[in-house]
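**Student:**
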Amino acid sequence: MTFAEPHLTAVALAVLGGLLVISILLSRVTDRLGVPGALLFLVLGMLVGSEGFGGIEFDDHGLAFRIGSAALVLILFDGGLNTPLAAVRPIAVPASILASVGVAGTAALAALGARLLGFAWAEALLFGAVVSSTDAAAVFAVLRGGGVHLRQRVGATLEFESGANDPMAVILTMAVTQSVISGEALGWSTLAGAGIQLAVGVLAGVLAGHVARQVLRRVHVTAGGLYPILSIGVAFFTFGLATLAGGSGFLAVYIAGIVLGNGPLPYRAGILRVHDSVAWFSQISMFLLLGLLIYPSELTGVVWHGLALALFLAFVARPVVVLVLLLPFKFTWRERLFVSWVGLRGAVPIILAAFPLLAGAEGALLVFNLVFFVVVVGALIPGTTVRWAARRMGLEEAMPPPPRAMLEVNSMGLLRGELLSFHVDPATMACGAAISDLAFPEDATVMLVVRGNDLIPPRGGTRLEAGDHVYIFCRDAAQRGVIQLIFGPAVEH
Amino acid sequence: MIRITDYLRESNILLEGTGTSKLAVLRELASLMKQSGDVTDVEACLSAVLERERLMTTGIGRGVALPHAFSPAAPETAIGYIRLAAGVDFDAVDERPVHHVFLILGPATTQGRHLKILARLARLLNHEGFVAGLAAAGTPQALLAAIREHEEALLPSS
């Protein structure tokens, strides 16, 4: 039966919509298991793909590379927006080393592993480069979505590393592809070139972030819904410009996100929410695309090699690199072990694997198929055990449950003051106190008390109980210190 | 209107603290307050104070920390002060070493007073010259005088 328009479009949208709905409905299950929910889409993609019951033919690696890059840009930008500088500062050096030297080290070991399994050097090196970075979306999803609250230093290290290490993997993959095609050996100039690309990327990101902040502040758009579009535009523009300027566009986008997210932002909640959704959507798209690109029949030939390399990567290559590189830094052994364990691989290797394929490098198809196993195993094994490992090693931090109701101030312009949220802990002075006793600075006040399912209007005589969530508006950010002295740390939503 | 100087006794002021860690400093100060009779059980007070520190440091910047807790081992509201010439790592919010620690202890029944003392001390820190005044005081009496002076300047003259 052949379909004509508009029926073809209708069928396509119905299938896509159905897949989206099903996967979101299933996301509760995958969250509980710690599997990056998007992995489901990989399976769905394969099911509806050319060899599944869907029979959709898709083998356009060029388009996949382009969509994948755009998706990665949006994921990294969102990651940057949600990265608090205060948490990053203490771990910036070790995490940066993991993100640069660590990636190169992992790539080298992975290549060595592949070579030992009998692959040619060209294939081995390509494989190493493609799988060398941990995946930001997967790490963010497992750590944040899975309800795993890690000791801040560990969580921040993993998140910052995963956000900042894709660029290095991209650079390596491009360099190795170039070398395989041209026949020129990799040398010190490759390393120097990588350094330059990273440096230019950082510069471009900082610059773009600051310029974008000024633009967002000065431009008064009437419709609030246009602000996130502006910021998405900033992300794409930053990537493009930084790449054209000879820098790492991915690193630039991540840095620009950090700069923007840590400054005053008009319509902040709206922008962040949209980027959050867009990042999820991007991740889902990447996995769906991968599922479509894979021909299961081609995988059968490399099953054992693929599995062996995936396990080698998770159990040998990453742990060795991480343990060695973190040695000079102030981490406990448990923390080092945990960081070495949570090297989740996501969809990035797929995009990277598509690049040598596009460029026509020798052995690229083999690498592409091997990567499938690395992604699945690399997401499944550490992913499902993250929470167990965190608990086992005593790295989990008790976190208050989220409040049943959320209060936020949404404004298009930049207004003075901030709304802080606190969980009342028995160890704080606030617990048991009447609101009139709080002795607040003059321009701060309690806005709302959330107790279980109740919303309580704060009056002078209202007593705060352990477990309450309290929203406090304070006009002057300098007062935050005093309020946190009384309430403990503000909760970030 | 409460006054800091009403709760900070001379005998609870130590101008030459020797502790080199957060815990050591807190123990030094609590022990001093025990000698003065304001604390009946040093370890009980410490565990309450550390429980609060675990949530978030009370090192609120400018080299000052305001650790505090309720404990039945402190029958009346009392403040202790210790000065640390070398500075101690208190995980302060500005990551700078802490040179001045005010330890505020008392029973849970005095919550309102406790909160006012905390707020007052926090306000004093932002008062120009207060921290310098703490650093310059040569005797406990001079320290109290410096605090009194800044408190008067801060409060409306009523």
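From first to last, the protein sequence lines stand for chains F and L.
Just so it is clear: in the first sequence, position 326 is 326 by my numbering, and no numbers are missing.
Just so it is clear: in the second sequence, position 110 is 1110 by my numbering, and no numbers are missing.
Just so it is clear, CB atoms sit at the ideal spot from N, CA and C, and this is done for glycine as well.
1) My output table needs one value for serine 1158 of chain L: the three-state DSSP class, helix, strand or coil.
2) Comparing alpha-carbon positions, which option in F/Met46, F/Val180, F/Ala175 and F/Ala199 lies nearest tryptophan 188 of chain F?
3) Mind checking methionine 286 of chain F: buried by the 16 CB within 10 Å criterion, or exposed?
4) State the Cα-Cα distance for the pair valine 274 of chain F and leucine 1084 of chain L, rounded to the nearest angstrom.
5) If distances are taken between C-alpha atoms only, which option among F/Phe77, F/Ala10, F/Ala64 and F/Arg451 comes closest to valine 259 of chain F?
6) At least one CB of chain F closer than 8 Å to the CB of histidine 1127 of chain L: is that the case?
7) Please list, in chain order, the chain A residues whose beta carbon lies closer than 7 Å to that of valine 482 of chain F.
8) Can you tell me whether valine 11 of chain F is buried or exposed? The criterion is at least 16 other CB atoms within 10 Å of its CB, across all chains shown.
9) Can you find the residues in the same chain that come closer than 7 Å, C-beta to C-beta, to aspartate 1041 of chain L, ignoring five residues on each side of it along the sequence?
10) Would the beta-carbon of tyrosine 1081 of chain L fall within 8 Å of that of leucine 1143 of chain L?
11) Check this for me: beta carbons of serine 282 of chain F and leucine 39 of chain F, under 8 Å apart or not?
12) Suppose you measure from the CA of glutamate 1139 of chain L to the CA of arginine 1113 of chain L; what does that come to, to the nearest Å?
13) Evaluate the contact criterion for the segment 307 to 315 of chain F versus the segment 374 to 393 of chain F: three or more CB pairs, one atom per stretch, below 8 Å.
14) Opposite phenylalanine 1102 of chain L in the DSSP bridges: which residues?
15) Of all Cβ atoms in chain F, is any one closer than 8 Å to the Cβ of histidine 1100 of chain L?
16) For my contact list, phenylalanine 239 of chain F and glycine 224 of chain F are in at a C-beta cut-off of 8 Å; report their separation, rounded to the angstrom.
17) Should arginine 387 of chain F be labelled buried (16 or more other beta-carbon atoms within 10 Å of its own) or exposed?
18) Among F/Gly467, F/Leu448 and F/Glu465, which one has its Cα closest to the Cα of proline 458 of chain F?
19) Who are the neighbours of glycine 1106 of chain L on chain F, taking C-beta pairs under 8 Å?
20) Roughly how many angstroms separate the alpha carbons of alanine 1122 of chain L and glycine 270 of chain F, rounded to a whole number?
21) Short check: CB of valine 1093 of chain L to CB of glycine 1059 of chain L, under 8 Å?
22) Which of the three DSSP states is assigned to valine 446 of chain F in this structure?
23) Given that a residue counts as buried once 16 or more other Cβ atoms are within 10 Å of its Cβ, and exposed if not, what is threonine 222 of chain F?
24) Please return the same chain residues whose Cβ sits closer than 6 Å to the Cβ of valine 302 of chain F, not counting the five positions on each side in sequence.
25) Would you decide whether proline 356 of chain F is buried or exposed? Buried here means 16 or more other CB atoms lie within 10 Å of its CB.
26) By the criterion of Cβ-Cβ separation under 7 Å, what are the contact partners of arginine 1052 of chain L in chain F?
27) Counting only C-beta atoms, is glycine 163 of chain F closer than 8 Å to chain L at any point?
28) Determine contact between the segment 99 to 110 of chain F and the segment 320 to 327 of chain F, defined as no fewer than three beta-carbon pairs at a distance below 8 Å.
29) Suppose only complete runs of 4+ residues qualify. What are the alpha helix (DSSP H) ranges in the segment 102 to 186 of chain F, listed by chain order?
30) Exposed or buried, what is serine 1158 of chain L when buried is set at 16 or more other beta-carbons lying within 10 Å of its beta-carbon?
31) What residues in its chain sit with their C-beta under 6 Å from that of phenylalanine 160 of chain F, if we drop five residues either side in the sequence?
32) Is serine 1158 of chain L close to chain F, meaning its C-beta is less than 8 Å from at least one C-beta of that chain?
33) How many angstroms separate the CA atom of alanine 379 of chain F from the CA atom of alanine 111 of chain F?
34) Please compile the residues from chain L whose C-beta is within a distance smaller than 7 Å of the C-beta of proline 489 of chain F.
35) What does alanine 439 of chain F touch in chain L if you count any residue whose Cβ is under 7 Å from its own?
36) Are the segment 289 to 297 of chain F and the segment 120 to 140 of chain F in contact at 8 Å, needing three or more beta carbon pairs?
**Tutor:** Looking at the atomic coordinates:
1) Position 158 of the second sequence holds residue 1158 of chain L. For serine 1158 of chain L, the predicted structure reports a pLDDT of 44, less than 50, and the residue's modelled location is therefore unreliable. A value from the coordinates is still provided. Three-state DSSP puts serine 1158 of chain L in coil, outside helix and strand.
2) Indexing the first sequence from 1 puts residue 188 of chain F at position 188. Of the candidates F/Met46, F/Val180, F/Ala175 and F/Ala199, the one whose C-alpha sits nearest the C-alpha of tryptophan 188 of chain F is F/Ala175.
3) For the purposes of this step, residue 286 of chain F is identified with residue 286 of the first sequence, where counting begins at 1. Methionine 286 of chain F should be labelled buried.
4) Start at 1 with the first residue of the first sequence, and residue 274 of chain F comes out as number 274. Start at 1 with the first residue of the second sequence, and residue 1084 of chain L comes out as number 84. C-alpha separation (whole angstroms): 49 Å.
5) Position 259 of the first sequence, counted from the start, is the residue given in the question as residue 259 of chain F. Answer by Cα proximity: F/Phe77.
6) As a working mapping, residue 1127 of chain L is identified with position 127 in the second sequence. So no, histidine 1127 of chain L is outside the interface.
7) Protein chains F and L are contained in the structure displayed, whereas chain A is not.
8) Numbered from 1 along the first sequence, position 11 holds the residue referred to as residue 11 of chain F. Looking at its Cβ environment, which holds fewer than 16 other Cβ atoms inside 10 Å, valine 11 of chain F is exposed.
9) What you label residue 1041 of chain L is simply residue 41 of the second sequence in a count that begins at 1. For aspartate 1041 of chain L, where only same-chain residues beyond five positions count, the Cβ hits under 7 Å are Ala1073.
10) Counted from its first residue, the second sequence places residue 1081 of chain L at position 81. Counted from its first residue, the second sequence places residue 1143 of chain L at position 143. Yes. Within cutoff.
11) Position 282 of the first sequence, counted from the start, is the residue given in the question as residue 282 of chain F. Position 39 of the first sequence, counted from the start, is the residue given in the question as residue 39 of chain F. No; because the gap between Cβ atoms is not below 8 Å, this pair is not in contact.
12) Taking the first residue of the second sequence as 1, we reach residue 1139 of chain L at position 139. Taking the first residue of the second sequence as 1, we reach residue 1113 of chain L at position 113. In the sequence as displayed, the identity of residue 1139 of chain L is threonine instead of glutamate. So the two alpha carbons sit approximately 27 Å from each other.
13) yes
14) Looking up residue 1102 of chain L in the second sequence gives position 102. Bridge partners of phenylalanine 1102 of chain L: L/Tyr1081.
15) Here residue 1100 of chain L corresponds to residue number 100 of the second sequence, with the count starting at 1. No - not a single Cβ of chain F is within 8 Å of the one on histidine 1100 of chain L.
16) Mapped onto the first sequence, residue 239 of chain F falls at position 239. Mapped onto the first sequence, residue 224 of chain F falls at position 224. That belief does not hold up - the Cβ atoms of phenylalanine 239 of chain F and glycine 224 of chain F are roughly 25 Å apart, past 8 Å.
17) The residue labelled residue 387 of chain F in the question sits at position 387 within the first sequence. Flag for arginine 387 of chain F reads buried.
18) Your numbering for residue 458 of chain F matches position 458 in the first sequence. With distances taken between Cα atoms, proline 458 of chain F lies closest to F/Leu448.
19) The residue given as residue 1106 of chain L occupies position 106 in the second sequence. Under the 8 Å cutoff, chain F gives no residues; its nearest Cβ is about 11 Å from glycine 1106 of chain L.
20) Here residue 1122 of chain L corresponds to residue number 122 of the second sequence, with the count starting at 1. Here residue 270 of chain F corresponds to residue number 270 of the first sequence, with the count starting at 1. Those two C-alpha atoms are separated by around 34 Å.
21) Numbered from its first residue, the second sequence carries residue 1093 of chain L at position 93. Numbered from its first residue, the second sequence carries residue 1059 of chain L at position 59. Yes, these two residues count as a Cβ contact at 8 Å.
22) Here the question's residue 446 of chain F lines up with position 446 in the first sequence. Valine 446 of chain F: strand per DSSP, three-state reduction.
23) Within the first sequence, numbered from 1, the residue matching residue 222 of chain F stands at position 222. Label assigned to threonine 222 of chain F: exposed.
24) The count along the first sequence starts at 1 and reaches residue 302 of chain F at position 302. Around valine 302 of chain F: Asn369 and Leu370.
25) Locating residue 356 of chain F in the first sequence gives position 356, where the first residue counts as 1. It counts as buried.
26) Position 52 of the second sequence, counted from the start, is the residue given in the question as residue 1052 of chain L. In chain order: Ala427 and Thr428.
27) The count along the first sequence starts at 1 and reaches residue 163 of chain F at position 163. Chain L, which has no Cβ nearer than 8 Å to the Cβ of glycine 163 of chain F, makes this no.
28) yes
29) 103 to 116, 121 to 130, 136 to 140 and 152 to 182
30) As a working mapping, residue 1158 of chain L is identified with position 158 in the second sequence. For serine 1158 of chain L, the pLDDT reaches just 44, beneath the cut-off of 50, and the residue's location in the model is therefore unreliable, leaving the point undetermined.
31) As a working note, residue 160 of chain F is residue 160 in the first sequence. Closer than 6 Å at Cβ, skipping near neighbours: Val88 and Ala95.
32) If you number the second sequence from 1, residue 1158 of chain L lands on position 158. Residue placement at serine 1158 of chain L cannot be trusted, given a pLDDT of 44 that sits under 50; what the coordinates show is reported in the next sentence. Not an interface residue.
33) Taking the first sequence and counting its residues from 1, one reaches residue 379 of chain F at position 379. Taking the first sequence and counting its residues from 1, one reaches residue 111 of chain F at position 111. Computed Cα separation, rounded: 20 Å.
34) The residue given as residue 489 of chain F occupies position 489 in the first sequence. Near proline 489 of chain F (Cβ distances below 7 Å), the residues of chain L are Leu1055 and Met1056.
35) As a working mapping, residue 439 of chain F is identified with position 439 in the first sequence. Chain L residues near alanine 439 of chain F: Leu1115, Lys1116 and Ala1119.
36) no
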